[in-house]
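Enquirer: In our numbering, the protein residues as written are 1 to 160.
My questions will all concern the structure given below.
The structure is reproduced here in structure tokens:
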């Protein structure tokens with residue numbers, strides 16, 4: 001665990017702060033995912049979409065401007081949450097940031113009465129699959145060509 005990491009929800013921010021964080025997230029997203037898989041982190045996400053949450057991780061620092069290390073987006077419908085996106089910026093990978101974010105998401109959704117978390121992951125993204133497995137997710141289904149021809153999608157589920 002990193003005591004110097006802070007996990008926040010963009011909905012707890014004022015508009016200008018939220019838009020700055022979303023802009024940082026959008027830059028990381030563009031560097032990390034192919035254009036056809038990049039999530040659109042527009043300012044629309046800040047407007048109170050009741051079931052959608054955008055969480056982000058920063059490190060406590062003396063600087064006035066926090067730097068986004070990782071982020072996640074989930075949509076909650078009744079007792080099930082669909083984890084649409086989890087990303088750790090490349091320079092912060094393999095340092096426990098993703099694990100801490102996943103632990104936070106699990107605890108938060110449990111507190112809110114959620115019974116399951118579902119996600120889809122590319123079969124070739126071994127580090128992501130490992131992160132999810134370490135956090136209790138089980139592979140339940142595979143769909144060939146889910147992401148693109150030759151790229152299999154794996155559905156993973158965590159029972160809370």
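From the three backbone atoms N, C-alpha and C, an ideal C-beta is built for every residue, glycine too.
This structure is a prediction, so every number in the text was calculated from the model and none was measured.
1) Counting along the chain, where does the beta strand (DSSP E) carrying residue 142 start and finish?
2) Examine the Cβ distances between the segment 104–121 and the segment 70–83 and report whether three or more of them are shorter than 8 Å.
3) Where does the unbroken beta strand (DSSP E) through residue 8 begin, and where does it stop?
4) To the nearest angstrom, how far is the alpha carbon of residue 70 from that of residue 17?
5) Going by CA-CA distance only, name the one from 45, 67 and 72 that's closest to residue 91.
6) Look up residue 159 in the DSSP assignment and give the residues it is bridged to.
7) Which value, in whole angstroms, describes the spacing of the CA atoms of residue 40 and residue 12?
8) Quick check: what's the CA-CA separation for residue 156 versus residue 114?
9) Reducing DSSP to helix, strand and coil, say where residue 81 ends up.
10) Can you tell me whether DSSP reads residue 13 as helix, strand or coil?
11) Alpha carbon to alpha carbon, how far is residue 147 from residue 34?
12) Do residue 126 and residue 57 have their beta-carbon atoms positioned less than 7 Å apart in this structure?
13) Excluding the 5 residues flanking residue 132 on each side, which residues of the same chain have their C-beta closer than 6 Å to its C-beta?
14) Taking 7 Å as the cut-off, decide whether the C-beta atoms of residue 36 and residue 75 are in contact.
15) For residue 70, does the three-state DSSP call read helix, strand or coil?
16) Residue 79: buried (16+ other C-beta within 10 angstroms of its C-beta) or exposed?
Expert: For this structure:
1) Counting from 1 along the chain shown, the entry for residue 142 is found at position 142. Annotation: the continuous beta strand (DSSP E) that includes residue 142 extends over 138–148.
2) Counting Cβ pairs under 8 Å, three or more are found: they touch.
3) Mapped onto the chain shown, residue 8 falls at position 8. First-last of the beta strand (DSSP E) with residue 8: 5–9.
4) In the chain shown, residue 70 corresponds to position 70, counting from 1. In the chain shown, residue 17 corresponds to position 17, counting from 1. Put simply, the backbone Cα of residue 70 is about 17 Å away from that of residue 17.
5) Locating residue 91 in the chain shown gives position 91, where the first residue counts as 1. Closest option to residue 91, judged by alpha-carbon separation, among 45, 67 and 72: 67.
6) Counting from 1 along the chain shown, the entry for residue 159 is found at position 159. BP columns for residue 159 point to 116.
7) Taking the first residue of the chain shown as 1, we reach residue 40 at position 40. Taking the first residue of the chain shown as 1, we reach residue 12 at position 12. Approximately 20 Å between the Cα atoms of the pair.
8) One-based indexing of the chain shown puts residue 156 at position 156. One-based indexing of the chain shown puts residue 114 at position 114. Straight-line Cα distance between these residues: approximately 16 Å.
9) Counting from 1 along the chain shown, the entry for residue 81 is found at position 81. In this structure, residue 81 counts as strand in the three-state DSSP scheme.
10) Numbered from 1 along the chain shown, position 13 holds the residue referred to as residue 13. Correct three-state label for residue 13: coil.
11) In the chain shown, counting from the first residue as 1, residue 147 sits at position 147. In the chain shown, counting from the first residue as 1, residue 34 sits at position 34. Roughly 11 Å between the two C-alpha positions.
12) As a working mapping, residue 57 is identified with position 57 in the chain shown. As a working mapping, residue 126 is identified with position 126 in the chain shown. Result no, Cβ atoms of residue 57 and residue 126 do not sit closer than 7 Å.
13) Taking the chain shown and counting its residues from 1, the one referred to as residue 132 is at position 132. For residue 132, where only same-chain residues beyond five positions count, the Cβ hits under 6 Å are 156.
14) In the chain shown, the residue the question calls residue 36 occupies position 36. In the chain shown, the residue the question calls residue 75 occupies position 75. Not a contact, by the Cβ cut-off of 7 Å.
15) Counting from 1 along the chain shown, the entry for residue 70 is found at position 70. Looking at residue 70 - three-state DSSP - the assignment turns out to be strand.
16) One-based indexing of the chain shown puts residue 79 at position 79. Taking a 10 Å sphere around the C-beta of residue 79, we find fewer than 16 other C-beta atoms and assign the residue as exposed.
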